[in-house]
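First up is the structure itself, then whatever we jot down about it.
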Amino acid sequence: MLNLLRFNDRAQYADGDRGLTGREAYQGYSELVVPFLSAVDGQAQWLAAAHAPLIAPPGEDWHKVMLVRYPSIGHFVTMLRNPDYQAITEHRTAALMDSRLIACTEDK
Numbered sequence: 037m038l039n040l041l042r043f044n045d046r047a048q049y050a051d052g053d054r055g056l057t058g059r060e061a062y063q064g065y066s067e068l069v070v071p072f073l074s075a076v077d078g079q080a081q082w083l084a085a086a087h088a089p090l091i092a093p094p095g096e097d098w099h100k101v102m103l104v105r106y107p108s109i110g111h112f113v114t115m116l117r118n119p120d121y122q123a124i125t126e127h128r129t130a131a132l133m134d135s136r137l138i139a140c141t142e143d144k
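So for the sequence shown, the numbering used here puts the first residue at 37; every next one is plus one.
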């Protein structure tokens, strides 16, 4: 799963300001998501800072690019449906101004 991430300057929680930047809120989400990834045999493979887009429409600029490997899309969906996982997504939602999740399969 290719993740393109653009952070809010300040995390936008539904219950108000918790004194976190978007990046800090996403870091909290990243720490909390690890056991859920492990439970479906998922693994964060690669994380990088994104720089100026070279070929992209206006507004398609990102702060981070991440690749997460799941055994199948079904494993990803299983994680999404887990109520305990759903409870931590408030941090991801608060952190991100915009994002893209692009399901990919490896060419062999």
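Virtual Cβ for every residue (Gly too), placed ideally from N, Cα, C.
- Counting only residues of its own chain and dropping the five nearest sequence neighbours on each side, Met102 has a CB closer than 6 Å to the CB of Asn39 and Leu83.
- The secondary-structure analysis by DSSP pairs Met115 with nothing; it has no beta-bridge partner.
- Straight-line spacing of the CA atoms in Leu90 and Thr141 works out to 24 Å.
- Around the Cβ of His127, a 10 Å sphere holds 16 or more other Cβ atoms; the residue is buried.
- Between Gly58 and Phe72, the C-beta gap is not smaller than 8 Å, which leaves the two residues out of contact.
- The beta carbons of Leu41 and Lys100 sit closer together than 8 Å.
- With a cutoff of 8 Å on beta-carbon distance, Val104 and Gln122 are scored as not near each other.
- When DSSP states are grouped into helix, strand and coil, Gln122 belongs to the helix group.
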